[in-house]
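Report on one structure; see the data block that follows.
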Ligand code: DON
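In this note's numbering, the protein residues as written are 6 to 565.
This is how it looks when you write it as structure tokens:
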């Protein structure tokens with residue numbers, strides 16, 4: 006009975022896919038090159054760069070700048086992110102262009118004199134803003150991997166900002182929400198209008214000028230000169246901490262990606278200061294100890310086991326993960342197979358472990374509502390997986406006066422007080438405490454998979470803490486449940502992060518009332534949500550590329 010329900014459910018998912026606006030994605034199975042991003046105009050910019058002979062790195066830079074214009078809730082030049090890159094000869098690298106705490110940051114900067122957290126200070130104030138990393142990151146990517154001239158990669162974003170672009174329905178709704186709550190700040194930036202409708206054009210002259218400076222002066226167009234002066238003025242007039250010295254000293258860093266294996270697939274993902282790669286490795290390695298395929302997709306046993314695994318991993322995240330330049334993250338121990346076997350041995354198939362009975366593993370520490378993701382594969386076989394964010398939707402909501410770009414509120418990703426939850430409900434302690442120049446811990450998980458030494462899949466998603474579990478489940482959907490990439494990204498998802506002690510489930514899963522009552526009988530607390538994540542992915546089968554653009558947004562595949 007349950008199996009019949011599941012078959013009908015998968016059928017409904019596929020029909021839902023074929024009636025969505027991204028209907029064209031399945032047809033593009035013989036593409037040579039592909040861009041999957043959260044916005045049609047950004048995907049188009051990327052594919053045009055590839056058609057001109059640019060490679061995946063060139064398209065990455067152009068898409069990042071285009072998103073900063075057409076997708077202001079998350080696309081950015083005032084935020085940061087992570088790139089995982091694989092060249093066609095199999096060399097993998099990853100770039101950390103995460104924001105940093107300003108030099109004068111202090112551990113208790115979000116507490117009042119009685120040591121209580123001051124509400125919203127780490128989210129919606131000038132103190133919420135980390136030193137942006139995006140522009141330095143793009144310059145670094147260009148220097149290492151770029152092929153086309155830098156100017157040609159920034160120009161499409163300038164054109165969009167100068168000549169205007171039309172809003173999609175979802176973008177018009179988001180801007181209306183933003184303008185109602187935070188848009189009173191810097192109204193002359195071009196982002197403000199009483200009420201936007203689908204199809205309205207939007208022009209961003211200030212942002213266009215800033216992008217021209219970046220086009221003409223690269224790093225110096227942002228971290229010094231006019232843009233830097235405007236940013237620092239914005240800070241000093243409003244109690245922010247970022248100085249010219251902070252901007253000048255910001256540098257993105259190439260780091261070794263986290264490499265692990267799952268059922269013969271090589272997983273290449275992001276290292277700390279993102280928790281993504283390590284947690285994904287933990288989850289997949291623990292999952293290998295259970296017959297998920299036999300359990301079946303969204304069966305009671307598979308949801309139970311996967312959420313227990315997620316819980317155990319997030320307990321380790323809270324204690325052991327932070328910026329590796331400041332904290333000795335026990336990477337190898339956290340990913341050690343016998344440690345993870347012991348962790349997964351704790352899982353009881355008949356009832357759930359209470360979060361209060363789960364602790365992070367103990368080691369002898371001797372070992373030395375917005376983000377966006379896009380996946381690109383070029384016709385030469387290079388692959389790029391990039392996730393970028395302002396943290397909350399439209400970040401801090403603060404737009405640099407005169408320079409027209411939104412600033413992040415990434416400081417909230419620090420553990421601002423031990424045990425105090427951030428905006429995604431994540432808790433932490435010493436490893437992720439605020440320190441000057443430190444990078445705040447992230448969950449962003451841009452990932453690339455190889456099979457038999459060849460590129461197999463490129464994927465990532467926004468969603469705060471739910472990023473890691475969405476990537477975990479999408480990989481399981483493909484490898485264990487034999488789903489095609491569209492089914493894999495569009496299937497409903499569930500999520501557990503240790504605290505709060507509840508499973509978040511997308512509402513579609515609630516339709517299986519039998520499953521829900523059985524989960525409750527096992528003592529799982531359930532919290533139904535409308536929608537989680539937008540996974541954007543590319544799969545390579547032989548010489549064919551197949552795109553998966555999440556039905557939950559405007560996400561779209563462009564290819565040729
Ligand atoms: O780095 C992180 O983990 C968060 N700042 C990401 C925020 C995010 O994904 C928001 N998306 N909906």
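Ideal placement from N, C-alpha and C gives every residue a C-beta, glycine not left out.
Going by beta carbons, residue 330 and residue 228 fall outside the 8 Å limit.
DSSP lists 454 and 544 as the beta-bridge partner residues of residue 462. A Cβ-Cβ separation of about 6 Å places residue 409 in contact with residue 195 under the 8 Å criterion. Between the alpha carbons of residue 300 and residue 317 lies a gap of roughly 20 Å. DSSP lists 541 as the bridge partner or partners of residue 554. Separation of residue 125 and residue 40 (C-alpha to C-alpha, rounded to the nearest whole angstrom) is 36 Å.
Looking only at 149, 447, 104 and 336, the smallest Cα-Cα distance to residue 66 is reached by 149. For residue 77, the distance from the CB to the nearest heavy atom of ligand 1 is not below 7 Å. Residue range 258-260 is occupied by the beta strand (DSSP E) that includes residue 259.
Residue 416 has its Cβ no nearer than 7 Å to any heavy atom of ligand 1.
Of all C-beta pairs linking the stretch 49-64 to the stretch 125-140, fewer than three are shorter than 8 Å, placing the two stretches out of contact.
Membership of residue 106 in any beta strand (DSSP E) is not indicated, and neither H nor E is assigned to it by DSSP. In the three-state DSSP reduction, residue 39 falls in the strand class (E or B). DSSP lists 511 as the beta-bridge partner residues of residue 534.
Here residue 269 is exposed: its Cβ has fewer than 16 other Cβ atoms, across all protein chains shown, within 10 Å. According to the DSSP assignment, residue 182 belongs to the alpha helix (DSSP H) that extends over 174-186. When Cβ pairs closer than 8 Å are counted between the two stretches, the stretch 344-351 is seen not to touch the stretch 484-491, the count staying below three. Runs of the beta strand (DSSP E) lying entirely within the stretch 246-299 and spanning at least 3 residues, in chain order: 258-260, 263-267 and 270-274.
Residue pairing by DSSP puts residue 499 in a beta bridge opposite 510. The shortest CA-to-CA distance from residue 42 to any of 424, 543, 565 and 550 is the one to 543. Closest by C-alpha distance to residue 529, out of 118, 264 and 520, is 520. The three-state secondary structure of residue 74, taken from DSSP, is helix. For residue 380, the enclosing beta strand (DSSP E) begins and ends at 375-382.
Residue range 230-241 is occupied by the alpha helix (DSSP H) that includes residue 236. Residue 350 has no beta-bridge partner at all, per DSSP.
Closer than 7 Å to some heavy atom of ligand 1: that does not describe the Cβ of residue 442. Here residue 458 is exposed. Its C-beta has fewer than 16 other C-beta atoms within 10 Å. DSSP, reduced to helix, strand and coil, places residue 202 outside both helices and strands of the structure shown, so it counts as coil. Under the DSSP assignment, residue 91 falls in the beta strand (DSSP E) whose first and last residues are 85-91. For residue 395, the enclosing beta strand (DSSP E) stretches over residues 388-396. Taking the Cβ of residue 396 as the reference point, at least one heavy atom of ligand 1 falls within a distance shorter than 7 Å. Per the coordinates, the alpha-carbon of residue 463 lies some 18 Å from the alpha-carbon of residue 279.
Contact annotation, residue 395 with residue 133: C-beta distance approximately 10 Å; criterion of less than 8 Å not satisfied.
In the structure shown, residue 213 adopts helical secondary structure according to DSSP, grouped into three states. Proximity of the stretch 76-93 to the stretch 374-392 meets the contact definition, three or more beta-carbon pairs being nearer than 8 Å. In this structure, ligand 1 has no non-hydrogen atom nearer than 7 Å to the beta-carbon of residue 335.
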